[in-house]
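Taken in order, these protein sequences are the chains called A and B.
Take any residue in the first sequence, count from 1 to its spot, add 272: that is its number in the working numbering.
Take any residue in the second sequence, count from 1 to its spot, add 73: that is its number in the working numbering.
Ideal placement from N, C-alpha and C gives every residue a C-beta, glycine not left out.
It should be emphasised that the depicted structure is a prediction, and the values quoted were computed from it without experimental measurement.
Okay, so here's the structure we're looking at.
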Amino acid sequence: GIQVEQSPPDLILQEGANSTLRCNFSDSVNNLQWFHQNPWGQLINLFYIPSGTKQNGRLSATTVATERYSLLYISSSQTTDSGVYFCAVSGYGGSQGNLIFGKGTKLSVKP
Amino acid sequence: GAVVSQHPSWVICKSGTSVKIECRSLDFQATTMFWYRQFPKQSLMLMATSNEGSKATYEQGVEKDKFLINHASLTLSTLTVTSAHPEDSSFYICSARNSGANVLTFGAGSRLTVL
């Protein structure tokens with residue numbers, strides 16, 4: 273099956289700093305989503321982005337499908353951005369909608 | 074937007090008892106729902122795919138007799154952990170996809186603690 277690798281595994285930022293999270297995947301995908309898991313466990317969908325670039329406020333994401341990677345940018349980070357960021361994908365060969373998750377990037381934003 | 078509700082959000086039970094977790098799509102119909110499990114400080118792992126009106130499809134290594142899934146309607150799937158043991162303690166999360174869309178929406182999760 274598809275392998276999903278996220279980097280870095282841990283990231284500590286000072287409030288106001290910018291960061292880039294990376295997601296590499298091993299095969300073609302028909303779905304890629306970025307999630308933020310808050311301290312209570314809720315998964316918040318940030319982007320549905322199997323290709324191209326999207327922006328939502330201080331967050332933006334870019335997926336280069338031909339090179340099998342996606343990037344999540346966080347600008348002017350805030351303490352409320354802390355949590356775990358997951359990249360998840362589904363491939364053409366699997367059950368549609370079945371997402372395979374990376375191990376996540378744990379972000380800690382210090383005041 | 075699409076909303077998925079899970080209940081209960083947390084449950085504590087004694088070893089040997091069974092626990093049922095509900096997953097509902099509130100404003101859309103979902104022919105397929107997915108059940109994930111997440112152990113502390115780990116990623117989400119797919120357990121099974123729940124299909125409305127038919128048997129669930131389980132991932133390798135997941136015991137179908139232990140984790141009973143029922144998807145009796147287009148808006149409700151249930152996961153029953155039977156004869157629960159402490160090693161079943163985990164965070165269980167369901168998701169659903171609105172027909173015609175590729176985006177998966179997740180419930181808030183159910184934290185199970187087996188004593």
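Of A:N302, A:N328, A:P280 and A:G273, the smallest CA-CA separation from L379 of chain A is found for A:P280.
Just so you know, the alpha carbons of V176 of chain B and G363 of chain A end up roughly 13 Å apart. Taking the beta carbon of F297 of chain A as reference, no residue of chain B falls within 7 Å; the closest one sits roughly 14 Å away.
With its beta carbon at least 8 Å from every one in chain A, V84 of chain B lies outside the interface. As computed with DSSP, S332 of chain A is found in a beta bridge with A:Q327 and A:Y345. Taking the C-beta atoms as reference points, Q309 of chain A is found no nearer than 8 Å to L318 of chain A. Using a Cβ-Cβ cut-off of 7 Å, K375 of chain A is close to S116 of chain B, given in chain order. By the CB criterion at 8 Å, V92 of chain B and T153 of chain B fall inside the cutoff. G313 of chain A reaches chain B at Q111, F164, I166, A181, G182 and R184, counting residues in chain order whose Cβ is nearer than 8 Å.
In this structure S291 of chain A touches S349 of chain A by the C-beta definition: roughly 6 Å separates them, less than 8 Å.
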